[in-house]
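One structure is given here, and the rest of the page talks about it.
Numbering (the working numbering), first residue to last: 235 to 1402.
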C-alpha cells in the first residue's frame, strides 16, 4: 500500500487473523470496510451484517456500559489482531544527509576547489625547478619548507572546511532531535478517556485498542475510528477528512460513524472503537502516502503533489513533520476561520518572522560587500604580480615556468577567497538556531512548551496580549460564595436548615443531574489540601455548593445513570446554558436548566418562594432582581449562574427539537455567585507587561460587571483612566457599518482604548485580533499574542502572531492551533515567554556586534596587506581559525546568555527597528578603529618595537616569521576581549555583569585562549606560526586588554552626537518574497487541483491591480513620506491576499496542507 513497512504490517496482521479466526466475531478487514461507509449506508450495513451496535459489542467481547475488562493478555491479543493505535512516523534525516546539506554552502565549495587545486599544484614539481628566474616577486613567494610542505596549506584549508561542516551538521542534527523530543512530548501528553472494567480512566492515545468504549466530549480530537453507541447532541467537524466545513450531527440510527482526526464541536457521548492506527481512516490515507516511503522523497523533490485528493495531500504535508498523525490535524472552524486559515498557512510560508527578515537582508548586504572586497584583492595581487614580473623586470613567459606562475595565481585566489570567507557571516543562521533552540529548551522549565521555533522570537516583539479570564488570570477553582434562594440573598453559604426541604431537593437534583457525569469532586491527594476538581470547573463549583449544603450528589446520579437521561441540550457558546430532560416515574417529563443568569432569568416566568412554592416572576421583578442581586454579585467579581427547572406533561410529548419553546417558562430555583479568585502572581505579571510596553486586554464570556471587577483586581484597568469596557453586542454594533460589514476604520477607533471585552463570542475574539493585527493606525504594526483554551478559540489562536493554548484546561483543538502551550495555564508564564523572546533578539544583536567588528578588521587588514605587501598578514588557515572563533564559538557563547529582568524595562522593538542600532554601529566602528590602528602599527613598525626580523618582504625561503605571528596573535587576543565587550549592546558600562551566570561563555573564552596558545607555540608550518617568547605573549595580551579600556572610552561618547552613523538591517515593510516567486507558489498549489484555475486568475488580476495602485500611491507620495507609501503598500498587499483567499474557499484545505504550520515544516526548521 505505497509503503513496504505498512504492507508488511498488513500481511502480518492477516496471518495473525487467520490463526485467531475464532477469537472475535469480526475480522479487521470487515471492520475496516465498515468504517469506509458513511451515513445511511453504514446504518443499513450494520443492520444487515450484525443486527445492531450491541451485537458488534458482543462480537468484540466488550460491554457498552462496563467497557473492556482491561486485563493485559486481552489487550495484548487485541493489539496483535487489530493493530496498535500508532502511525509510524517518517524517518529523520541521517547525520550524513545533514553533512551533505552543509557542504552545499557556496563559499565552502569555492574554498574546497581552491584548496584542491593548491594541493594538486604542490605535488607537481615543474622540471625547471632550479630555474630561479621564473619569479622574483617578493612576498607571495614560497618559503623554504613550503617547497616540501606546500601541501600543508591546501590540506589545512580542507581540514577547516571539514570542521565547519561537521559543526553545522551537528547543530542541525541536535535541533532535529530536540524537535522530535518536543513532538513526542506533546504526543505523550495527549490522553483520552475510556471505560475499562466499569471505571472511567484516562489512558495515552497509543494505548487505545479495538473494542474500547471511549467517552467523547466537546473539544476532543478523536484518536481512532468508532461507532457512536449513546450520547446527546453530538456534532462533529469532519472538515479535516472531507473538506466540508458544516458540522455533522451524529446519532445511533442515522449516522453513527465517528472518524479519527475529526473534532467534537458540541455534545458528548460514548463510542465503540472499531479501527486504530494504520487501519483508521486517517491511517489509511497515510499509508497511501507511504509514511516515510521512497515515493514521498521523490514527490518532495518535485515539490508538487500529483495527488489531487485534498485530504490525502493534506495529511501528507502534516506527516512530513514526522509527527504521529493522531496529533496533527489542522484546525478549521465553522466560524469562517477557513479563509484565515488559508491566509495563516500562506503567511507561514511567505512572511518571514521579523528577525529572520532582518537577518537575511543584513547577510545579503554583508555578503555583497565581502565579494567586492575579495574580487578587488585578487585583481590587485594578480596585476601587481604580472606588472612586476613581466613589465618591470621584463621576464619572458617561459613554458617551463607556467606551473610556478599558476601556483602564484592559485595562492592569490586563495587569499581572495579567505577574505570572502571572513566577510560572509555564516555564523548568523547558526547563532539564530542556537539561540532559539537554547531558549526553547529553557522555556520548557518556565512552563512554555514551544511548538513553533519562531514563536519564541516573535513573542519578544509582542505589543498586545489578548487574554482569557477564566483559568489564565484566575485560578480556575470555582467556589460558590453567595446565593439567592427562597427570596433571601445569602452573602455566604446558607445554613442547610434555613432552606426549605422541597427547594433543597430540587436544587440538589438540578445540579447533580444537569451536569456532565464526568465532572466530580474527589478527595484531596494530600492531607490538608483542597478537594480535587475534575471536569468542568463551573460544574465543580456547583457540586461543591451541594456538598457545602451537607448534601450528596452521588446517590442522585446512581439513581438516574447517564444512559437514562431522556434528552440533553449541551452547553455551547450560542445557548450559554445547559439543560437535561428526565422522565419522572409518572411518565411526565422534567427539565433542569442552568446557565448565565441574565440569559436563564429572561426565560423564567416563576420563582420558588421561601416556602418552596412557585410564584409568578414578572419582568419588573426580574429587573429588580438584576439590580439588587445580580449586579452587586457581579461587582464583587462573581460569575452568576441561575438554576431553574420546568415540568412537561407526559402527553402530548413536547417537540424536543423546537428549542425556543422548550427552553422557556422556567421556574427559577436559585441564583448563585461563583468566585474564581485571581491568581496571586497575576497582578505583578500584568504590571511587568505594562512596564514593558505591552497592552493586556481581557476577552471573556462573562458578564461585564464581573469582567470589570476582575480587570481592576488584576490591574488591567486602573480607576480614573480613559479606557473602554465593552460587551460583545456593543462592540459589534460599533465596528459594523449599516450593511453589517466590519470596517477597519471603525475598529481603529475602538481598539487602542479597549481593555475589556465581555460576553464575547469566539468570533468577536477573532475579529478583535484580526482588527488589531491589520491596523495601520499606529506607527508600527501590532504584534498580538492570544491565549485560548476552548475549541472555539481556534481561529483567534491561528490568526494571532503567537497563540498560547492552555496545557491543562485546553482542548486538543486549541493546542493544535497554538504556537506555545502553557503547561501550567498561568499568565505569568507568558511574561517569561516575552522575556525569552527579547533575549533571543538581544543575543543575536550581541553576536552581530562582535562578528561585524571582526569582519571589518579582518577584511581591511587582508585587503591593505595584500595591496601594500603583496601578501596578507593573516594567512588563509589563520583566517579560517579566526572565522571559526568568530562564527561558531562566539555564536555559542553569546547566544546562550540567560535573560534578565531588565529586558522587561524597555518597549518592544517592533518591525521597523533596525537590527544594528546606532549605539551598536558606534561600538563596531570604534573597536575597528582601535584594532586597525594597532595591527597596522605592528605590521609596519612592529619589527622595530620587538627588535625582530621584519616579516614584510621576507626573502624567498623563509620560515614563518615571529613578526606575522605576533600580528596574528594580537588580532585573536583583541577578538577575545572584545567578545566580553559584546555582551552589552545598549551602551552599559559594566560588561562583566552576570558573566558567571553563563558558564558556556566562560568555557568558550578560556577554551579559545588555550587553543590559541597551542596554535601559536606548536602550530608551525600549517598555521604559519613561529613560537613566541613570554614577553611577546605579554604584549599581545596587554594590547588585547586595551580593548576593555577602549570599550569604556567608546561608551563615554554620546550616540546622539553621531548623526552620520547609519543603522543597518531594518525592515521597512513586511519582508515579502518577490512577486514572481509568489506566483510560482500559486502555480504549485494549482497543479494539485487543476479545476481551480479560477482562483489563480483572480490572484493575478489582484496583483496587477495592486501594482497599479502602488504606482499611483508612490507618485502621489513621492513628495511626502516614502514610508507612508510602503506602509500602505504592505496593507494593500495583505488585503489582496484576503481577496485571493476568499475567492476560492475550496482551496483552503489544500494550501493549508502544503504549508501546514502544525509543527515546524522542514523549511521553517531550516531557516531557524
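By construction, the Cβ of each residue, glycine as well, lies at the ideal position given by its N, Cα and C atoms. All of these numbers come straight from a predicted model, not from anything done at the bench.
Taken through DSSP and simplified to helix, strand or coil, residue 907 comes out as strand. Rounded to whole angstroms, the gap between the alpha carbons of residue 433 and residue 977 is 53 angstroms.
Taking C-alpha positions only, residue 937 is separated from residue 290 by approximately 48 angstroms. Between the stretch 627–639 and the stretch 331–340, the count of C-beta pairs closer than 8 angstroms stays below three; the two stretches do not touch. Around residue 895, the same chain offers 888 and 889 as residues with beta carbons nearer than 8 angstroms, after the five sequence neighbours per side are excluded. In this structure residue 1236 is exposed. Its beta-carbon is surrounded by fewer than 16 other beta-carbon atoms within 10 angstroms. Counting only residues of its own chain and dropping the five nearest sequence neighbours on each side, residue 1043 has a CB closer than 7 angstroms to the CB of 705, 710, 1023 and 1059. Excluding residues up to 5 positions away in sequence, 815, 816, 817 and 823 lie with their Cβ nearer than 7 angstroms to the Cβ of residue 800 in the same chain.
Under the three-state reduction of DSSP output, residue 497 falls in the strand class.
For the alpha helix (DSSP H) assignment, the uninterrupted runs of no fewer than 4 residues enclosed by the stretch 817–902 are, from N- to C-terminal side, 831–836, 853–859, 865–869 and 893–896.
With a contact defined as Cβ atoms closer than 8 angstroms, residue 959 and residue 942 qualify at about 5 angstroms.
Per the coordinates, the alpha-carbon of residue 1070 lies some 10 angstroms from the alpha-carbon of residue 1076.
By the neighbour-count criterion, in which a residue is buried when 16 or more other Cβ atoms sit within 10 angstroms of its Cβ, residue 1165 is buried. Annotation: residue 1025 to residue 1055 spans about 14 angstroms, alpha carbon to alpha carbon.
When Cβ pairs closer than 8 angstroms are counted between the two stretches, the stretch 1105–1119 is seen to touch the stretch 1252–1268, the count reaching three or more.
A straight line joining the alpha-carbon of residue 456 with that of residue 427 spans about 11 angstroms. Residue 407 and residue 339 have their C-alpha atoms roughly 17 angstroms apart. If you check the CB distance, residue 730 and residue 785 come in under 9 angstroms.
Secondary structure of residue 751 (DSSP, three-state): coil. Taking 4 residues as the shortest admissible run, the stretch 709–775 contains the following complete alpha helix (DSSP H) segments, listed from N- to C-terminal end: 735–747.
If you draw a 10 Å sphere on the C-beta of residue 462, you find 16 or more other C-beta atoms in it, and that means buried.
By the criterion of a C-beta distance shorter than 7 angstroms, residue 883 is surrounded in its chain by 822, once the five residues flanking it on both sides are discounted. With respect to the 9 angstroms criterion, residue 326 and residue 410 are classified as neighbours on the basis of their beta carbons.
Note that the C-beta distance between residue 467 and residue 506 is not below 9 angstroms. Of all alpha-carbon atoms in 1205, 971 and 438, the one lying nearest the alpha-carbon of residue 1276 is that of 1205. Secondary structure remark: continuous beta strand (DSSP E) runs of at least 3 residues inside the stretch 653–690, in chain order: 682–684. For residue 502, DSSP records a beta bridge to 451 and 466. Proximity of the stretch 1079–1090 to the stretch 1046–1053 falls short of the contact definition, fewer than three beta-carbon pairs being nearer than 8 angstroms. Looking at the backbone, the Cα of residue 465 and that of residue 518 are separated by about 27 angstroms.
Shown here for residue 771: same chain residues with a beta carbon closer than 6 angstroms to its own, the five before and five after excluded, namely 710 and 712 in chain order.
Counting C-beta atoms within 10 angstroms of its own C-beta, residue 820 has fewer than 16 neighbours from the protein chains shown and is therefore classed as exposed. Rounded to whole angstroms, residue 949 and residue 752 show a C-alpha spacing of 35 angstroms. Restricting attention to 973, 971, 975 and 1016, the CA atom closest to the CA of residue 985 is found in 1016.
Within the same chain, 687, 690, 691, 1074 and 1402 come within 7 angstroms of residue 670 by CB-CB distance, once the 5 residues on both sides are set aside.
Between the alpha carbons of residue 1281 and residue 589 lies a distance of about 27 angstroms.
For residue 436, the enclosing beta strand (DSSP E) stretches over residues 433–438.
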